[in-house]
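Here is the structure we will look at.
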Amino acid sequence: MLLGRTLGFYFSRQFIKTIFLVFATVFTLVYTLDFVELMRRAGDAPGATTGVIAQLALFRTPAIAEQVMPFAVLFGSMAALLQLSRKLELVVARAAGISAWQFLQPGLLIALMIGVVSVTVYNPVSAILKQRASTLETQVFSRPVQNRDKPIWIRQRSLDGQAIFRAVGSATDTATLIGVTVYAFDQTGSFSHRVEAREATLHEGFWDLKDARVLSATEEPQSHERYLIASTLQPSEVRQSFIDPDAVPFWDLKETINRMEQADINTTTYQLHYDLLLARPLLFIAMVFVAASVSLRFFRFGGVATMVLGGVAAGFMLYVATELMAELGASGIISSLVAAWFPAVVGSLLGTLALLYQEDG
Numbered sequence: 005m006l007l008g009r010t011l012g013f014y015f016s017r018q019f020i021k022t023i024f025l026v027f028a029t030v031f032t033l034v035y036t037l038d039f040v041e042l043m044r045r046a047g048d049a050p051g052a053t054t055g056v057i058a059q060l061a062l063f064r065t066p067a068i069a070e071q072v073m074p075f076a077v078l079f080g081s082m083a084a085l086l087q088l089s090r091k092l093e094l095v096v097a098r099a100a101g102i103s104a105w106q107f108l109q110p111g112l113l114i115a116l117m118i119g120v121v122s123v124t125v126y127n128p129v130s131a132i133l134k135q136r137a138s139t140l141e142t143q144v145f146s147r148p149v150q151n152r153d154k155p156i157w158i159r160q161r162s163l164d165g166q167a168i169f170r171a172v173g174s175a176t177d178t179a180t181l182i183g184v185t186v187y188a189f190d191q192t193g194s195f196s197h198r199v200e201a202r203e204a205t206l207h208e209g210f211w212d213l214k215d216a217r218v219l220s221a222t223e224e225p226q227s228h229e230r231y232l233i234a235s236t237l238q239p240s241e242v243r244q245s246f247i248d249p250d251a252v253p254f255w256d257l258k259e260t261i262n263r264m265e266q267a268d269i270n271t272t273t274y275q276l277h278y279d280l281l282l283a284r285p286l287l288f289i290a291m292v293f294v295a296a297s298v299s300l301r302f303f304r305f306g307g308v309a310t311m312v313l314g315g316v317a318a319g320f321m322l323y324v325a326t327e328l329m330a331e332l333g334a335s336g337i338i339s340s341l342v343a344a345w346f347p348a349v350v351g352s353l354l355g356t357l358a359l360l361y362q363e364d365g
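At position 203 of the sequence shown (counting the first as 1) the number is 207 in the numbering used here, and the numbers step up by one without a gap.
Quick look at the structure:
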């Protein structure tokens, strides 16, 4: 049975207001902390004025704040339900014959809408701003080299055979790898030799390695000022692989994945990010169910602090499960589809089960 229009609009406003307030608070806090950290890093860097640093922090914040959206939905839903309970509005609703499933309908609908908007509108905007932030940060701090937490891996096939590139970083907006190790294989798939180089730049049809050292099992190590390796990859495809998945807008992700697959570049992290975005609306719905399972106790019964603590613990456990599954998916242990949808599906089922136990015994 659906909830009445007037009451549904009222509950919806409560959910929207509290979720927005929680997210706005987190957004402001992240922006302030990032601004302070960037000002500390700026020091005497030329061009690092307060206005430029403020703009850089503003460009970086949306992508960071996007990661805490599920918690904004969780804590916002908890706040909305606790507020309705404190004002005895839920008591009146129950006395009028409205079940918990009915007055949760607005919250679930709002969570679904926020999830869809965050994927289709907010994510593309935050991804574009993150790319601009990377460019601006390079200009301000004069750091053309991007060091990464994880190495860059690129695999290619050419007339000479297969080669696997490993790099510790990349040059901004170029097809240049820094700190490169190349593992070369012949046409039969047998290991041929290894090349270590200071940097490698992809041109049309070949890689240009500088300060290279070639090591093989059959010959003495050889040093070369320049060393060329044939390639069928395009510089634009390689530059795209340097970009973090969360810096690629949602509407461009599928095309990016297809281009990288055609170039035989590993797309695991990009596919995982795409699946996580698709699963986000269901994850937000799961957060509403979790919030309802710990927030429907009447204030006059006491134990409000325990309820809030239980909600925080449940949200933390769901976050840990999400991160764990994402790591397993990124490493290829499980498929990206399972890694993305498992926490959302299990969270929704557990929240629904807890609510069924409370409401229907």
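Cβ atoms here follow ideal geometry from the backbone N, Cα and C, with glycine treated the same way.
Counting along the chain, no beta strand (DSSP E) covers S130; the unbroken alpha helix (DSSP H) around it starts and ends at 127-145. The Cβ atoms of S81 and A295 lie closer than 8 Å to each other.
Going by beta carbons, L219 and P225 fall inside the 8 Å limit.
For G183, the enclosing beta strand (DSSP E) stretches over residues 180-189.
Of the residues F346, L313, D212, L286, the one whose Cα lies closest to the Cα of S297 is L313. DSSP places L92 outside any beta strand (DSSP E), giving it a letter other than H or E. Contact between S138 and A234 does not hold, since the beta-carbon distance rounds to 31 Å and is not under 8 Å. Here L85 really is in contact with S299; their C-beta atoms are around 4 Å apart, less than 8 Å. Looking only at V172, R202, G209, I158, the smallest Cα-Cα distance to A188 is reached by I158.
By the beta-carbon neighbour count (other beta carbons within 10 angstroms, threshold 16), P50 is exposed.
Within the model, the alpha-carbon separation for V72 versus T236 is close to 40 Å. In this structure, I114 places its C-beta atom within 8 Å of the C-beta atom of F19.
DSSP, read as helix, strand or coil, puts S122 in helix.
Of the other Cβ atoms in all chains shown, 16 or more fall within 10 Å of the Cβ of P347; this residue is therefore buried. Inter-residue distance for Y126 and Q135 is about 14 Å (C-alpha atoms, whole angstroms).
Comparing C-alpha distances from M329 to each of L353, A283, L354, A317 shows the shortest one belongs to A283. By the Cβ test, the stretch 48-67 is in contact with the stretch 30-40, since at least three Cβ pairs between them sit closer than 8 Å.
Assignment of E224 by DSSP, reduced to helix, strand and coil, places it in the coil class. Cβ neighbours of P285 within its own chain (closer than 6 Å, five residues either side excluded): L116, G119, V120.
Contact check for R202 against D212 fails: the beta carbons are separated by 8 Å or more.
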